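Engineer:
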Amino acid sequence: MLFVGALLLGLFLNTGLAHAVRLKDLASVKGVRNNQLVGYGIVVGLNGTGDGNKAAFTGQGLSNMLNNLGVKVDPESTRVKNIASVMVTATLPPFFKAGQNLDVTISSVGDATSLQGGTLLATPLKGLDNNVYAMAQGPISIGGGAEPAAGARQKNHLTVARISNGASVEREVPVSFANKESITISLASPDFTTISLLKTAIDTYLGGNYATARDAASVEVEVPAKYRAQEIALLAALENIEINPERRAKVVLNERTGTVVMGDNVTINQFALSHGNLSLQVKPPPPPGVPVNSPADPVKVGQKVVTLQPGVSLGELVRALNSVGVAPRELIAIFQAIKAAGALQAELEII
Numbered sequence: 001m002l003f004v005g006a007l008l009l010g011l012f013l014n015t016g017l018a019h020a021v022r023l024k025d026l027a028s029v030k031g032v033r034n035n036q037l038v039g040y041g042i043v044v045g046l047n048g049t050g051d052g053n054k055a056a057f058t059g060q061g062l063s064n065m066l067n068n069l070g071v072k073v074d075p076e077s078t079r080v081k082n083i084a085s086v087m088v089t090a091t092l093p094p095f096f097k098a099g100q101n102l103d104v105t106i107s108s109v110g111d112a113t114s115l116q117g118g119t120l121l122a123t124p125l126k127g128l129d130n131n132v133y134a135m136a137q138g139p140i141s142i143g144g145g146a147e148p149a150a151g152a153r154q155k156n157h158l159t160v161a162r163i164s165n166g167a168s169v170e171r172e173v174p175v176s177f178a179n180k181e182s183i184t185i186s187l188a189s190p191d192f193t194t195i196s197l198l199k200t201a202i203d204t205y206l207g208g209n210y211a212t213a214r215d216a217a218s219v220e221v222e223v224p225a226k227y228r229a230q231e232i233a234l235l236a237a238l239e240n241i242e243i244n245p246e247r248r249a250k251v252v253l254n255e256r257t258g259t260v261v262m263g264d265n266v267t268i269n270q271f272a273l274s275h276g277n278l279s280l281q282v283k284p285p286p287p288p289g290v291p292v293n294s295p296a297d298p299v300k301v302g303q304k305v306v307t308l309q310p311g312v313s314l315g316e317l318v319r320a321l322n323s324v325g326v327a328p329r330e331l332i333a334i335f336q337a338i339k340a341a342g343a344l345q346a347e348l349e350i351i
């Protein structure tokens, strides 16, 4: 019955009672976002684990790099096994300034078998506008040991590596709120009720009708006169406003691990289900004087019967099913059947 304990560990990662949440944890300010950077680079210094002859672009790439350094070589003569072509990616957070450092990820694009021990040569990282925003270079790290113990399986992925603080920001992404007449705040999870609560909370804090809900995801806030030229102070104040957000009833099932995560607002209506030797019923209690197991509801020998009342929470249902030894994968199949019958009042997501 070890699976029951593992299942319950994931089952009750629910949200519990509603609590006030800061605006900064629910939403973001329009224009304040991460930017993705990418570049093509060469890793050198590999111990014979680099790209083979099939990756002709690796030799061409090294030849071009050497030519830029004043060394004229034929691309055909640079097909060696101690270099590898890689794509270098990084995330440029908002407000990062020139000279600050970024972590980078290096991924092989040829047929190299390992990047361990290699060094990334200077690689320009570009944004979607084709401008260079950072330069990456340095010794790469695979992470952990590369040699598996006898009889053990290889755990690390040898063709993907990282360089901590391996890229230096060269160009800033301009983000300014100076002289803004309005600021737009966007919810991470759009919801009409939550955006209405947010509008009311902002108006209450600012003491006037300054917020306008544009849709289920965004609210536009007019900058009050006293905050003109002090927009950062306004944003600092707004992001600490607290509201009790509404959330849609949802159940998340991980079919690989058997983990179930649910909110506390998930309920179940009346239904009856038969699954193997399990009989599951959610129905009103019988009238006074009528036995629980009437002739209309015969119970077979060895059959497991679970009976609950309408409006029961999903957590109560799961506890009842675990008490009769229902396995995680069976539980997922039962949830899917209940949802298909229209009795599960929640969104069902399987990952």
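Start counting the sequence shown at 1; every next residue gets the next number (our numbering). Beta carbons: idealized from backbone N, C-alpha and C, even for Gly. Fair warning: this is a prediction, and the values are worked out from it, not measured in the lab.
Of all the CB atoms in chain B, is at least one closer than 8 Å to the CB of A333?
Structural biologist: Absent from the structure: chain B. Only one protein chain is present.
Engineer: Roughly how many whole angstroms lie between the Cα atoms of G342 and A333?
Structural biologist: So the alpha carbons of these two residues sit roughly 15 Å apart.
Engineer: Is A188 near I202, with beta carbons less than 8 Å apart?
Structural biologist: Not in contact: A188 and I202 (Cβ atoms no closer than 8 Å).
Engineer: Could you please give the first and the last residue of the uninterrupted alpha helix (DSSP H) stretch that includes P328?
Structural biologist: Segment 328 to 340, the alpha helix (DSSP H) holding P328.
Engineer: Taking the CB atoms as reference points, tell me whether V251 and F335 lie closer together than 8 Å.
Structural biologist: Their beta carbons are under 8 Å apart, which means V251 touches F335 by this criterion.
Engineer: Per DSSP, which one or two residues make a beta bridge with E316?
Structural biologist: Paired residue(s): none; E316 is not in a bridge.
Engineer: Scan the stretch 160 to 219 and note each continuous beta strand (DSSP E) run of 3 residues or more that stays entirely inside, going in chain order.
Structural biologist: Runs of the beta strand (DSSP E) inside the stretch 160 to 219: 160 to 169, 182 to 187, 211 to 213.
Engineer: I'd like the list of long-range same chain contacts for A122, defined as Cβ closer than 7 Å, with 5 residues on each side in sequence excluded.
Structural biologist: Counting only Cβ-Cβ distances below 7 Å, and skipping sequence neighbours, we find M135, Q137.
Engineer: For P75, which three-state DSSP category applies?
Structural biologist: It is helical.
Engineer: May I have a chain-ordered list of the beta strand (DSSP E) segments no shorter than 3 residues that lie completely inside the stretch 90 to 126?
Structural biologist: 101 to 108, 119 to 126, all fully within the stretch 90 to 126.
Engineer: Taking all protein chains shown into account, decide if V223 is buried (16 or more other Cβ within 10 angstroms of its Cβ) or exposed.
Structural biologist: Burial call: buried.
Engineer: When we look at the beta-carbon of L69 and count the other beta-carbons within 10 Å, is it buried (16 or more) or exposed?
Structural biologist: Looking at its Cβ environment, which holds fewer than 16 other Cβ atoms inside 10 Å, L69 is exposed.
Engineer: Could you tell me which of L46, T204, N35, K81 sits nearest to A56, measuring between CA atoms?
Structural biologist: Out of L46, T204, N35, K81, K81 has the C-alpha closest to the C-alpha of A56.
Engineer: Pull up the CB-CB distance for S141 and T184, whole angstroms please, since I reckon it's below 8 Å.
Structural biologist: Not quite, the Cβ-Cβ distance comes to about 40 Å (not below 8 Å), so this is no contact.
Engineer: Can you tell me which residues form a DSSP beta bridge with K30?
Structural biologist: Note: K30 sits in no beta bridge, so no partner.
Engineer: Which one or two residues does DSSP pair with Y40 in a beta bridge?
Structural biologist: According to DSSP, which records beta bridges pairwise, Y40 is partnered with M87.
Engineer: Between which residues of its own chain and L197 is the CB-CB distance below 6 Å, once the five residues before and five after are set aside?
Structural biologist: Around L197: I243.
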